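Visitor:
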Amino acid sequence: MSAASLTTACAAMLRRDLTLAWRRRGDIAMPVLYALIVTTLFPFALGPEDTLLQRIAGGVVLVTVLLAMLLALDAMFASDIEDGSLEQLVLAPQPLALMLGMKILAHWLTIALPLIVISPLMAALLHLPAPVIPVLLLALLLATPLLSLLGAVLVALTVGTRRSGMLLALMLLPLCVPAVIFAAGAVAAAQQGLPWLAPISWLAAALVLAVVLAPLACAAALRIALDS
0 MSAASLTTAC
10 AAMLRRDLTL
20 AWRRRGDIAM
30 PVLYALIVTT
40 LFPFALGPED
50 TLLQRIAGGV
60 VLVTVLLAML
70 LALDAMFASD
80 IEDGSLEQLV
90 LAPQPLALML
100 GMKILAHWLT
110 IALPLIVISP
120 LMAALLHLPA
130 PVIPVLLLAL
140 LLATPLLSLL
150 GAVLVALTVG
160 TRRSGMLLAL
170 MLLPLCVPAV
180 IFAAGAVAAA
190 QQGLPWLAPI
200 SWLAAALVLA
210 VVLAPLACAA
220 ALRIALDS
């Protein structure tokens with residue numbers, strides 16, 4: 000198969016998923032509203048003390064974004080299962096891992112990217128210092144696609160399982176711990192004026208590894224789930 004046809008197939012898959020997501024704009028808005036509501040509640044619960052809010056701001060934003068992404072993770076392949084296009088995708092001549100990579104990218108663009116866009120507002124609500132916000136954005140840009148890739152593998156394993164949302168959360172949360180630790184460590188180091196490139200580098204290395212391996216694992220898990 001030529002590179003031009005693969006590029007055309009990838010673009011068509013990405014455009015299809017983005018179009019379907021735009022038709023269900025409420026599903027995109029739900030994680031954003033959830034993240035804003037949760038972040039807004041912290042100053043009311045802990046009080047308006049700037050020092051306390053600044054100390055927890057980075058971790059709160061990261062964990063809130065993670066939980067908001069979990070809300071939409073179960074629906075990554077839901078529409079494809081309902082209309083039968085998932086089985087057609089498995090039988091298509093294009094590499095399954097590549098097509099699934101496009102679906103994961105579309106999911107990240109529609110779910111995680113809006114959360115990253117509003118993260119400066121969430122950080123401002125918790126009085127995070129302005130010089131630290133770029134580090135927070137960089138950490139989110141590395142951590143969120145990593146979580147989407149890991150989550151896609153688990154979603155593929157549980158395709159067709161009833162009430163898989165809780166199962167996905169239980170399976171994914173332990174895998175998310177290293178990403179949250181490195182991302183929060185980078186933000187905390189930036190707040191204290193310490194070097195923060197080391198945890199960001201670890202996040203970037205994990206993301207590169209996941210970009211290579213996760214679509215392959217997702218394709219293998221999807222074939223196993225559909226054959227069973």
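Taken in order, the sequence shown gives residues 0 to 227; the numbers are from numbering that gives the first Met the number 0.
Built from N, CA and C at the ideal position, the CB exists for glycine as well.
These numbers were taken from a predicted model, which means no experiment stands behind them.
1) Between the region 197 to 209 and the region 42 to 56, can you find at least three pairs of beta-carbon atoms closer than 8 Å?
2) Which residue wins for smallest C-alpha separation from Phe76, given the options Ala205, Ile180, Gly150?
3) As a quick exercise: from Ala11, Tyr33, Ala28, Val89, pick the residue whose alpha carbon is nearest that of Ala224.
4) Quick check on Pro144: does DSSP put it in helix, strand or coil?
5) Rounded to whole angstroms, what's the CA-CA distance from Gly192 to Pro130? Just pull it up for me.
6) Evaluate Gln87 with the Cβ neighbour count: other Cβ atoms within 10 Å of its Cβ, from every protein chain shown; 16 or more gives buried, anything less gives exposed.
7) Rounded to the nearest angstrom, what separates Thr109 and Leu215 at their Cα positions?
8) Would you kindly report the start and end of the unbroken alpha helix (DSSP H) that includes Met75?
9) Which residue wins for smallest C-alpha separation from Leu32, given the options Ala111, Leu172, Leu85?
10) Once the 5 residues before and after Leu153 are set aside, which same chain residues still bring their CB inside 7 Å of it?
11) Under a three-way DSSP split, which group does Gly25 fall into?
12) Cα separation between Val60 and Ala204?
13) CA-CA distance, Val64 and Leu51?
14) For Ala187, which option in Pro144, Ile117, Pro133 has the closest C-alpha, if you only look at C-alpha atoms?
15) Rounded to whole angstroms, how far is the Cβ of Val62 from the Cβ of Val179, which I believe are closer than 8 Å?
16) With a Cβ-Cβ cutoff of 9 Å, do Val211 and Pro144 count as a contact?
17) Just how far apart, CA to CA, sit Arg15 and Glu48?
18) Please classify Trp195: does DSSP put it in a helix, a strand, or coil?
19) When you compare each of Leu66, Leu206, Leu97 to Ala10 by their alpha carbons, which one comes out closest?
20) By the DSSP assignment, the alpha helix (DSSP H) with Gly46 in it spans what residues?
21) Quick one: Cα of Leu196 to Cα of Ala67, how far?
Guide: Straight from the coordinates:
1) no
2) The sequence position of residue 76 within the sequence shown is 77, counting from 1. It is Gly150.
3) Residue mapping note: residue 224 aligns to position 225 of the sequence shown, counting from 1. For Ala224, the closest alpha carbon among the candidates Ala11, Tyr33, Ala28, Val89 is that of Val89.
4) To locate residue 144, count along the sequence shown from 1; it is residue 145. Shown here, Pro144 sits in a helix according to DSSP, grouped into three states.
5) For the purposes of this step, residue 192 is taken as the residue at position 193 of the sequence shown. For the purposes of this step, residue 130 is taken as the residue at position 131 of the sequence shown. The straight-line gap from Cα to Cα measures roughly 10 Å.
6) To locate residue 87, count along the sequence shown from 1; it is residue 88. So Gln87 ends up on the exposed side.
7) For the purposes of this step, residue 109 is identified with residue 110 of the sequence shown, where counting begins at 1. For the purposes of this step, residue 215 is identified with residue 216 of the sequence shown, where counting begins at 1. Taking the straight line from one Cα to the other gives about 22 Å.
8) Indexing the sequence shown from 1 puts residue 75 at position 76. For Met75, there is no enclosing alpha helix (DSSP H), as DSSP marks it with neither H nor E.
9) Translated into positions along the sequence shown, residue 32 becomes position 33. Nearest C-alpha to Leu32: Ala111.
10) Start at 1 with the first residue of the sequence shown, and residue 153 comes out as number 154. The answer, listed in chain order, is Leu167, Met170, Leu171.
11) Taking the first residue of the sequence shown as 1, we reach residue 25 at position 26. The answer is helix: DSSP assigns Gly25 an H, G or I state.
12) Reading the sequence shown from its first residue, position 61 is the one you call residue 60. Reading the sequence shown from its first residue, position 205 is the one you call residue 204. Each residue's Cα considered, the two are about 22 Å apart.
13) For the purposes of this step, residue 64 is taken as the residue at position 65 of the sequence shown. For the purposes of this step, residue 51 is taken as the residue at position 52 of the sequence shown. Taking the straight line from one Cα to the other gives about 20 Å.
14) The residue you call residue 187 lines up with position 188 of the sequence shown. For the residues Pro144, Ile117, Pro133, the minimum Cα distance to Ala187 belongs to Pro133.
15) As a working note, residue 62 is residue 63 in the sequence shown. As a working note, residue 179 is residue 180 in the sequence shown. Their Cβ separation, rounded to whole angstroms, is 7 Å, which keeps Val62 and Val179 in contact under 8 Å.
16) Counted from its first residue, the sequence shown places residue 211 at position 212. Counted from its first residue, the sequence shown places residue 144 at position 145. No, these two residues do not count as a Cβ contact at 9 Å.
17) Reading the sequence shown from its first residue, position 16 is the one you call residue 15. Reading the sequence shown from its first residue, position 49 is the one you call residue 48. When rounded, the distance between both Cα atoms is 47 Å.
18) Along the sequence shown, one-based indexing puts residue 195 at 196. DSSP places Trp195 in coil when its eight states are reduced to three.
19) As a first step, residue 10 is located in the sequence shown; it is residue number 11 there, counting from the start. Of Leu66, Leu206, Leu97, the residue nearest in Cα terms is Leu97.
20) Residue 46 sits at position 47 when you count from the first residue of the sequence shown. Secondary structure note for Gly46: it is in no alpha helix (DSSP H), with a DSSP letter that is neither H nor E.
21) Within the sequence shown, the letter at position 197 stands for residue 196. Within the sequence shown, the letter at position 68 stands for residue 67. For the pair Leu196 and Ala67, the Cα-to-Cα distance works out to about 26 Å.
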